[in-house]
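Participant: As given, the protein sequences belong to chains A and B, one line each in that order. Mapping the first sequence onto the working numbering, position 190 (from 1) lands on 190, and the numbers just tick up by one. The working numbering runs 1000 ahead of the 1-based position in the second sequence. Quick reminder that beta carbons are idealized off the backbone N, C-alpha and C, glycines included.
Number of protein chains: 2
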Amino acid sequence: MEKDISTEQRIIDAARKVFIQKGMSGARMQDIADEAGINKALLHYYFRSKDKLFQIIFREAAEKLLVTVKDITGNETPLDEKITALCNRYMDVLSENPYLPLFVLHEIHQDPGRIINFFKGKNMVPQLQKFFLQIQDAVDNKQIKPISPPQLVINIISLCVFPFAASPLMQTLFDLDTWQFNLFIEERKKKLPEFILAALKPEKK
Amino acid sequence: MEKDISTEQRIIDAARKVFIQKGMSGARMQDIADEAGINKALLHYYFRSKDKLFQIIFREAAEKLLVTVKDITGNETPLDEKITALCNRYMDVLSENPYLPLFVLHEIHQDPGRIINFFKGKNMVPQLQKFFLQIQDAVDNKQIKPISPPQLVINIISLCVFPFAASPLMQTLFDLDTWQFNLFIEERKKKLPEFILAALKPEKK
DNA sequence: TAAAAGTTTAACTGTTTGGTTAATCTAAAA
DNA sequence: TTTTAGATTAACCAAACAGTTAAACTTTTA
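#1: Of all the CB atoms in chain B, is at least one closer than 8 angstroms to the CB of Gly74/A?
#2: Kindly indicate the opening and closing residues of the alpha helix (DSSP H) around Glu76/A.
#3: Give the secondary structure of Ser1167/B by DSSP, where H, G and I count as helix, E and B as strand, and everything else as coil.
#4: How many Å lie between His106/A and Ala1061/B at the Cα?
#5: What's the call for Leu100/A, buried or exposed, on a 16-neighbour Cβ count within 10 Å?
#6: Which of the residues in the stretch 1015-1027 of chain B, read from start to end, lie with their CB under 9 angstroms from any CB of chain A?
#7: When Cβ atoms are compared, which residues of the stretch 35-68 of chain A fall closer than 8 angstroms to chain B?
#8: Quick one: Cα of Phe195/A to Cα of Gln143/A, how far?
#9: Given this structure, state the Cα-to-Cα distance separating Leu1192/B from Asn1097/B, to the nearest angstrom.
#10: Using beta carbons (cut-off 8 angstroms, strictly below), is Ser95/A in contact with chain B?
#11: Against chain A, with Cβ distances strictly below 8 angstroms, would Leu1183/B count as a contact?
#12: Write down every uninterrupted run of the alpha helix (DSSP H) in the stretch 1009-1037 of chain B whose length is 4 residues or greater and which is fully enclosed by it, in chain order.
#13: Answer with yes or no whether the minimum CB distance from Gly1138/B to chain A is below 8 angstroms.
#14: What would DSSP say about Val6/A, mapped onto helix, strand or coil?
#15: If we count the other Cβ atoms within 10 Å of its Cβ and call it buried at 16 or more, is Met1001/B buried or exposed?
#16: So for Gln143/A, helix, strand or coil by DSSP?
#17: Answer yes or no: do Ser167/A and Ser1158/B have a C-beta to C-beta separation smaller than 8 angstroms?
#18: Please list the residues of the stretch 155-170 of chain A that have a C-beta atom closer than 9 angstroms to any C-beta atom in chain B, keeping them in chain order.
#19: Below 8 angstroms CB to CB, which residues in the same chain sit around Met1091/B once its five sequence neighbours on both sides are set aside?
#20: So what does DSSP say about Phe195/A, is it helix, strand or coil?
#21: Quick check: the Cα distance between Ile1020/B and Asn141/A, rounded to an integer number of angstroms?
#22: To which residues of the same chain is Arg1016/B closer than 6 angstroms at the C-beta, ignoring the five residues directly before and after it?
#23: Just to check my reading of the structure: Leu1210/B and Phe1164/B have Cβ atoms closer than 8 angstroms, yes? What is that Cβ distance to the nearest angstrom?
#24: Relative to the C-alpha of Pro126/A, which residue among Thr73/A, Asp13/A, Asn155/A, Asn182/A is closest?
Right, here's the structure in full:
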């Protein structure tokens, strides 16, 4: 009794595409059915409701965005290496999923309850606390300039994520086609860690 | 024959609130009517369609976000002062309109045509080019470390805007109430310019 | 092969939604 | 006061929408 995974997967793929492009409220079940090349009733056969289907896509997206951060900040490397690794890995993830940040941020804004629910059992918070401590240690030992750990974390995330969230605006404002935008991102991957580390470099005595 | 501006304004205020909270596709004309305390037909009496009403709100929001940047980058102050002024003014605007960035970015993503249309006649691009030249001059004169002007501009905007776009996520992740979030922003206003200027400080010979 | 179980579809349903209409209300103009 | 023009509303409409149903089709099983 082999389950036909193909249809289910086609639906997931179609739903991901449509939801991430149009958001929960802008997406139509018919759009998803068309994209998957199936009858609309099949959506309800496999995933009972629009909301159930949406939750699967949202969780998958949130997972992809947040777990990467958790993984890298969690291990035991020195702070400067960790910052470099975080920028590199994170921007790679975002390059392959450029529309994820705006989608996730918009849907969290619509219903913050989603993300609260998501965090339960993911132990993001303790992992983050450890990273905060590592930053505070570096400040106390004068390895970096004084900075509040949450501010630094937000600085790093901002610099990585924002260009993707703002990509349609950027492409218009700077008059870039997709190819040029990718060049911009590639240059950014190289230069961002040193920008951040330069900002943190302590004064020489 | 005095025109009753009050109803029209009440509709605009209600529309702004609802559209910015729920987005174009999530907003309901009935919600806006309820928020304004009037009959739904009045919306169509004053502003023919949902789309017309939305465009007014969207343009107003885009104006508020973009013109501030244009004004500050446009004048003739030195680069370091300009960066400081940009952070300060921009974060003030955002503090008073914290949900504008996510709204505008989401709606541009839905329909990039909107922003292309918006730019016409606003001469954002030439103003931006002048700012790029100023940055390039500072690089050439070794006043700041080498950096591509668009990268620097995106760095500044990212660091200012992202915390607001991500505020519901931040508040959950860092477990902040509104008051604590505001404290975070106030601290950020003080420290952000020096963070950026430190990153740009050239090596001493 | 027969029947049972799982998959897929066309057609349908009830509700929500943007938008319209015709009637009523209000206030200024004559 | 009567008329007239704009402001406001309740009731309505057609299209869009998420979700259902019953029948047909396909595959597995006995």
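Facilitator: Let me spell this out:
#1: Along the first sequence, read from residue 1 onward, the residue named residue 74/A stands at position 74. Judged by the 8 angstroms Cβ criterion, Gly74/A is not in contact with chain B.
#2: Here the question's residue 76/A lines up with position 76 in the first sequence. Per DSSP, Glu76/A belongs to no alpha helix (DSSP H) and is neither H nor E.
#3: In the second sequence, the residue the question calls residue 1167/B occupies position 167. Reduced to three states, the DSSP call for Ser1167/B is helix.
#4: As a working note, residue 106/A is residue 106 in the first sequence. As a working note, residue 1061/B is residue 61 in the second sequence. One alpha carbon belongs to His106/A, the other to Ala1061/B, and they sit about 16 angstroms apart.
#5: The sequence position of residue 100/A within the first sequence is 100, counting from 1. Here Leu100/A is buried, its C-beta having at least 16 other C-beta atoms within 10 Å.
#6: Within the stretch 1015-1027 of chain B, those residues whose Cβ lies closer than 9 angstroms to any Cβ of chain A are, in chain order, Gln1021, Lys1022, Gly1023, Met1024, Ser1025, Gly1026, Ala1027.
#7: Within the stretch 35-68 of chain A, no residue places its CB atom closer than 8 angstroms to a CB of chain B.
#8: Reading the first sequence from its first residue, position 195 is the one you call residue 195/A. Reading the first sequence from its first residue, position 143 is the one you call residue 143/A. Rounded to the nearest angstrom, the two C-alpha atoms are 16 angstroms apart.
#9: Start at 1 with the first residue of the second sequence, and residue 1192/B comes out as number 192. Start at 1 with the first residue of the second sequence, and residue 1097/B comes out as number 97. If you take the alpha carbons of Leu1192/B and Asn1097/B, they lie about 19 angstroms apart.
#10: Indexing the first sequence from 1 puts residue 95/A at position 95. Proximity of Ser95/A to chain B, defined by a Cβ-Cβ separation below 8 angstroms, is not satisfied.
#11: Within the second sequence, numbered from 1, the residue matching residue 1183/B stands at position 183. With 8 angstroms as the cut-off, Leu1183/B does not count as an interface residue toward chain A.
#12: With a minimum length of 4 residues, the continuous alpha helix (DSSP H) runs that stay inside the stretch 1009-1037 of chain B are 1029-1036.
#13: By 1-based counting over the second sequence, the position of residue 1138/B is 138. According to the sequence provided, residue 1138/B is Ala. The question's Gly does not apply to it. Look at Ala1138/B: its C-beta is not under 8 angstroms from any C-beta on chain A.
#14: For the purposes of this step, residue 6/A is taken as the residue at position 6 of the first sequence. A small fix is needed here, since residue 6/A is Ser in this sequence, not Val. Ser6/A falls in the helix class under three-state DSSP.
#15: In the second sequence, the residue the question calls residue 1001/B occupies position 1. Residue placement at Met1001/B is flagged as unreliable, the pLDDT there being 31, under the threshold of 50; the coordinate-derived value follows with that caveat. Flag for Met1001/B reads exposed.
#16: Counted from its first residue, the first sequence places residue 143/A at position 143. For Gln143/A, the three-state secondary structure derived from DSSP is coil.
#17: As a working mapping, residue 167/A is identified with position 167 in the first sequence. As a working mapping, residue 1158/B is identified with position 158 in the second sequence. Their beta carbons are not under 8 angstroms apart, which means Ser167/A does not touch Ser1158/B by this criterion.
#18: Taking 9 angstroms as the Cβ-Cβ cut-off against chain B, the residues of the stretch 155-170 of chain A that qualify are Asn155, Ile157, Ser158, Leu159, Cys160, Val161, Phe162, Pro163, Ala165, Ala166, Ser167, Pro168, Leu169, Met170.
#19: Taking the second sequence and counting its residues from 1, the one referred to as residue 1091/B is at position 91. Contacts found: Cys1160, Ile1185, Arg1188, Lys1189, Leu1192.
#20: Locating residue 195/A in the first sequence gives position 195, counting from the first residue. For Phe195/A, the three-state secondary structure derived from DSSP is helix.
#21: Taking the first residue of the second sequence as 1, we reach residue 1020/B at position 20. Taking the first residue of the first sequence as 1, we reach residue 141/A at position 141. Each residue's Cα considered, the two are about 45 angstroms apart.
#22: For this step, residue 1016/B is matched to residue 16 along the second sequence. So the list reads Ile1057, once near-sequence residues are dropped.
#23: Here chain B covers residues 1001 to 1205 and nothing more, so residue 1210/B does not appear.
#24: Stepping through the first sequence from its first residue, residue 126/A is reached at position 126. For the residues Thr73/A, Asp13/A, Asn155/A, Asn182/A, the minimum Cα distance to Pro126/A belongs to Thr73/A.
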